[in-house]
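**Q** Quick one: this structure, given as structure tokens, is what I'll be asking you about.
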Amino acid sequence: NGVGETPQNKYHVYIDPKTHLVVQWDFYRNYTDTEPLFRTPWADWSRYGAIMLSGDRGQRKLTDIEVYDHFPPELFERLSVEKPAPSDTGMVR
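Set out below in structure tokens:
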């Protein structure tokens with residue numbers, strides 16, 4: 586259907602007309618909800634190379650933000666992938 590994994594969700598995004606930056610993001614679990622499940626401010630906008638990113642999302646702060654023009658090979662040496670825990674229901678995933 587082309588709308589992603591959660592087509593029933595709804596979002597309201599508030600943009601400052603002077604800066605053109607997002608200042609708040611509201612999440613609604615269901616499209617028909619009249620009140621958001623949560624509201625998240627977007628603040629602490631900083632320039633990273635050619636883009637602007639918000640590091641302060643209220644309780645959902647982003648730290649250690651890095652932006653690359655090209656990925657250095659050693660970056661991939663720092664990545665780790667955790668395997669999912671085996672299903673305790675006995676069902677095959």
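Sequence positions in the sequence shown follow my numbering and run 586 to 678.
We put the CB at the ideal spot given by N, CA and C, even for glycine.
1. Once you ignore the five residues that flank residue 623 on each side, which residues in its own chain have a CB closer than 6 Å to its CB?
2. Going along the chain, which unbroken runs of the beta strand (DSSP E) with 3 or more residues stay wholly within the region 590-670?
3. Relative to the alpha-carbon of residue 626, which residue among 615, 618, 647, 660 has its alpha-carbon at the smallest distance?
4. At the level of alpha carbons, what is the spacing between residue 650 and residue 621?
5. Using 10 angstroms around the beta-carbon of residue 639, count the other beta-carbons present and answer buried if the total reaches 16, otherwise exposed.
6. CA-CA distance, residue 601 and residue 628?
7. In terms of alpha-carbon separation, which member of 590, 609, 598, 634 lies closest to residue 655?
8. Looking only at its own chain, which residues have a Cβ that is under 6 Å from the Cβ of residue 615, when we skip the five neighbours before and after it?
**A** Short version:
1. 612
2. 595-600, 607-613, 623-626, 628-633, 636-641
3. 647
4. 28 Å
5. buried
6. 11 Å
7. 634
8. 593
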